[in-house]
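Participant: Residue numbers for the first sequence follow this note's numbering, beginning at 33 and rising by one. Backbone N, C-alpha and C define an ideal beta-carbon position, used for all residues, glycine too. These numbers come from a predicted model, not from an experiment.
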Amino acid sequence: MVLIDGNNFYASCEAVLEPGLRGLPLVVLSNNDGCIVARSAEARALGIPMGIPLFQARPLLERHGVVVRSSNYALYADMSRRLMTTLAWWVEALEIYSIDEAFALMARPADGGDLSAWGRALRAAVLRQLGLPVAVGIGPTKVLAKLANRLAKRHQHGVFDLGAVADPDPWLASMPVDEVWGIGRQLARWCRLRGVATALALRDMPTATLRQKAGVVGVRLQQELAGIACLPLKTAPPAKRETCVSRSFSEPICELAPLREAIATYVSRAAEKLRQQRQRARLLTVFVRSSPFNGTSFYRNAASVELPLPSNDTAVLLAAALPLASQLLRPHKPLQKAGVLLQGLEPYEILQHHLFAPLPWEQQQRRDVLMATIDRLNRRYGAGTVRWAACGLRPSWTMRRQRLSGAATTCLEAIPNVDAAG
DNA sequence: TCTGGGGTCCTAGGACCC
DNA sequence: TCTGGGGTCCTAGGACCC
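(1) Quick one: what does DSSP say leucine 115 is sitting in, helix, strand or coil?
(2) Using a Cβ-Cβ cut-off of 6 Å (strictly less than) and excluding sequence neighbours within five positions of aspartate 111, which residues of its own chain qualify?
(3) By how many angstroms is the C-alpha of glutamine 161 removed from the C-alpha of valine 69?
(4) Given alanine 357, which residues of its chain have a CB within under 8 Å of its CB, disregarding the five upstream and five downstream residues?
(5) Do the region 393 to 400 and the region 245 to 265 touch if we need at least three Cβ pairs shorter than 8 Å?
(6) So the alpha helix (DSSP H) proline 91 belongs to, where does it begin and stop?
(7) Quick check on the DSSP output: the beta strand (DSSP E) that includes isoleucine 68 runs from which residue to which?
(8) Since valine 99 and proline 51 are thought to touch, with beta carbons under 8 Å apart, how far apart are those beta carbons, to the nearest angstrom?
(9) Based on DSSP bridge pairs, tell me the residues matched to lysine 369.
(10) Measuring straight from C-alpha to C-alpha, what distance separates leucine 61 and leucine 374?
(11) Taking three-plus beta-carbon pairs below 8 Å as touching, is the region 326 to 342 in contact with the region 257 to 272?
(12) Which two residues bound the contiguous alpha helix (DSSP H) that contains serine 206?
(13) In its own chain, which residues sit with a C-beta less than 8 Å from the C-beta of asparagine 344, not counting the 5 before and 5 after it?
(14) In angstroms with no decimal places, state the Cα-to-Cα distance between alanine 246 and leucine 377.
(15) Measuring CB to CB, does alanine 198 end up less than 7 Å from glycine 190?
(16) If distances are taken between C-alpha atoms only, which option among Pro340, Thr297 and Pro355 comes closest to leucine 425?
(17) Any heavy atom of the ligand PLP inside 6 Å of the beta-carbon of arginine 226?
(18) Using DSSP's beta-bridge definition, name the partner residues of serine 62.
(19) Can you give me the C-alpha to C-alpha distance between proline 340 and arginine 419, rounded to a whole angstrom?
(20) Quick one: Cα of valine 34 to Cα of glycine 171, how far?
(21) Once DSSP output is grouped into helix, strand and coil, what is the label at serine 343?
(22) Excluding the 5 residues preceding and the 5 following leucine 159 in the sequence, name in chain order all residues of the same chain whose CB lies nearer than 7 Å to its CB.
(23) Taking Cβ to Cβ, would you say valine 168 is nearer than 7 Å to glycine 151?
(24) Tell whether a beta-carbon distance below 7 Å holds between aspartate 193 and aspartate 146.
(25) CB leucine 219 to CB valine 228, shorter than 7 Å?
(26) So what's aspartate 199 in DSSP terms, helix, strand or just coil?
(27) With 16 other CB atoms within 10 Å as the buried threshold, where does tryptophan 429 fall?
(28) Leucine 374 bridges to which residues according to DSSP?
(29) Looking only at its own chain, which residues have a Cβ that is under 8 Å from the Cβ of glutamate 283, when we skip the five neighbours before and after it?
(30) May I ask which residues mark the beginning and end of the beta strand (DSSP E) holding tyrosine 380?
(31) So the candidates are Arg101, Val248 and Glu127; which of them puts its Cα closest to the Cα of arginine 113?
(32) Starting from serine 130 and walking both ways along the beta strand (DSSP E), at which residues does that stretch end?
(33) Residues in the same chain with beta-carbon distance under 6 Å from tyrosine 129, minus the five sequence neighbours each way, listed in chain order, please.
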């Protein structure tokens, strides 16, 4: 098993677009310019922490002249596609695990030997073709490949084959337990309280104790650490079980009109996603919350509707969602975030077999064609070219993105073409 | 003043059925 | 008054991931 991931992926993408940024300290912000979600190596070396709010980091950023960018997901998604296309060339099977990482299968040479040389060649090719630095970790299981990947970044110039070393135990002993894939904050605390401080100690702790705390997930994790594969490579992504669109507002919302606009905007985006996934939803939930950070009166609420028939028609979903808005608003509870969650997803074709559709079959088909046309227009001429009036014309609550990088968002052609083939 | 977004998996417990 | 046992399905919530 191999794990390949992009180093400081978002920051690296920004530097691909603007080579002058290479070697400079650079951070990328979350949506709404809220938190730091990526740092270049230089920014990390300055001691800028991951995940902290921009306003807290500001003094440090200014002192060191750090370059700050809003996140540009159109760019990162595009670079991700190119990266995955290149990787697929190099491996026998690929699982795209996230925007910046992939698991892969690669057979060892006939003598069962080291894959490090192969890893180095892969790494060099990606750097040459895409301008993106990646790290390559190799091991008998997913968890060990992840671990090897961490070690690769730390000690091995970006490539490490944990399956080729004579004794992996010292390496496992060097890995803090909280950095093991699958150990989050809660489990890390629990482990440390029991004196289990490293990956090695986790592997060797009593299974029954671990099972009691972490269930079968914990047991699987332990097996994977011991080199017994429990997590298979998933080459075809499973169908989504739910789809969510949510955003923080740039300023708190206290009134119904902007809340309805926001909900309408998220619903129409969620409906678009559904159609792209060739799915329809049976259950729609709208949720809201106030800011969890100011004061004592945290407010959260949600309301759901079951659709009479599963749908991915924006108009149908809007009609279901908008009446929920007024149920969620409370006096003196300014909202900071809202979202739409679609569940009970089923594949597109199911409706065909439904005898009691609310619309005659031909009419239903016309709706499908209309939606497909709108999607095509928006793909071709840019998101929001065709919109629902309910989404509002110039909403004041849309997210802040004050430091968005260049043309890539407004003009996809402006992304440098660094295709492997080109 | 200012704190992201989108997922998955598992489990416990309740509803319901025979 | 006394009131079984076993199964399925669903949901909420908690943990994790990037």
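Facilitator: The structure says:
(1) helix
(2) Note on residue identity: the sequence assigns methionine, not aspartate, to residue 111. Only Cys45 meet the Cβ criterion.
(3) So the two alpha carbons sit approximately 25 Å from each other.
(4) Hits under 8 Å: Leu288, Leu291, Arg292, Ile295 and Val318.
(5) no
(6) Counted as a single uninterrupted DSSP element, the alpha helix (DSSP H) harbouring proline 91 occupies residues 86 to 96.
(7) For isoleucine 68, the enclosing beta strand (DSSP E) has its first and last residue at 68 to 71.
(8) The pair is not a contact, with the Cβ atoms about 13 Å apart (cut-off 8 Å).
(9) Lysine 369 pairs with Ser280 and Arg321.
(10) 27 Å
(11) With the cut-off at 8 Å, the region 326 to 342 and the region 257 to 272 do not touch.
(12) It is not in any alpha helix (DSSP H) - serine 206 carries neither H nor E in the DSSP assignment.
(13) A distance below 8 Å between beta-carbons, with the five flanking residues on each side excluded, links asparagine 344 to the following residues of its chain, in chain order: Ala303, Leu306, Arg307, Gln311, Arg312, Ala313, Tyr380 and Met403.
(14) The alpha-carbon atoms of alanine 246 and leucine 377 are separated by roughly 29 Å.
(15) no
(16) Thr297
(17) Judged by which ligands are present, the structure shown has none, so any question about the ligand PLP falls away.
(18) Looking at the DSSP assignment, serine 62 forms no beta bridge with any residue, so it has no partner.
(19) 25 Å
(20) Using only the alpha carbons, I get a separation of about 7 Å.
(21) strand
(22) Pro165
(23) In contact: valine 168 and glycine 151 (Cβ atoms closer than 7 Å).
(24) yes
(25) no
(26) Looking at aspartate 199 - three-state DSSP - the assignment turns out to be coil, as it is neither helix nor strand.
(27) buried
(28) Thr275 and Leu316
(29) Ser428 and Trp429
(30) Looking at the DSSP string, tyrosine 380 is not in any beta strand (DSSP E), and its letter there is neither H nor E.
(31) Glu127
(32) Looking at the DSSP string, the run of the beta strand (DSSP E) that includes serine 130 is 125 to 130.
(33) Phe135
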